[in-house]
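Under this note's numbering, think of the first position of the sequence shown as 10, with each following residue one higher. Built from N, CA and C at the ideal position, the CB exists for glycine as well. Values in this document were obtained by computation on a predicted structure and should not be read as measured data. Below is one structure, written out as structure tokens, with a few remarks after it.
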Amino acid sequence: MVFIRAAEAEDIPSLQTLFLQLGYQTETAILAQRITAPQSMMSALVAETENAVCGVIVIILFYRYMRTVYGH
10 MVFIRAAEAE
20 DIPSLQTLFL
30 QLGYQTETAI
40 LAQRITAPQS
50 MMSALVAETE
60 NAVCGVIVII
70 LFYRYMRTVY
80 GH
């Protein structure tokens, strides 16, 4: 079974591996800052199976786009 949950600081080594597979080499300190900082416009979710992170999705909301398209 796969569980989806918010990314945590303990997930950083696994996240670095996943991002590297996509060609993004990210420093530990920068990734830690992005994962642990409270940001209303960004959220990272991880997929976990058998106590191991196997996937990640990063959601970034761009309010400017919404205002332009929908007139808000």
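- Rounded to whole angstroms, the gap between the alpha carbons of V65 and D20 is 10 Å.
- Nearest in C-alpha terms to F71, of all of E59, S52 and A61, is S52.
- A16 is classed as buried because its beta carbon has at least 16 other beta carbons within 10 Å across all chains shown.
- Assignment of alpha helix (DSSP H) within the segment 18 to 47, counting only whole runs of 4 or more residues, yields 21 to 30 and 37 to 45 in chain order.
- Secondary structure of F71 (DSSP, three-state): coil.
- Straight through space, the alpha carbons of E57 and E36 are spaced by roughly 22 Å.
- Following the DSSP letters along the chain, one finds V55 inside the beta strand (DSSP E) bounded by residues M51 to T58.
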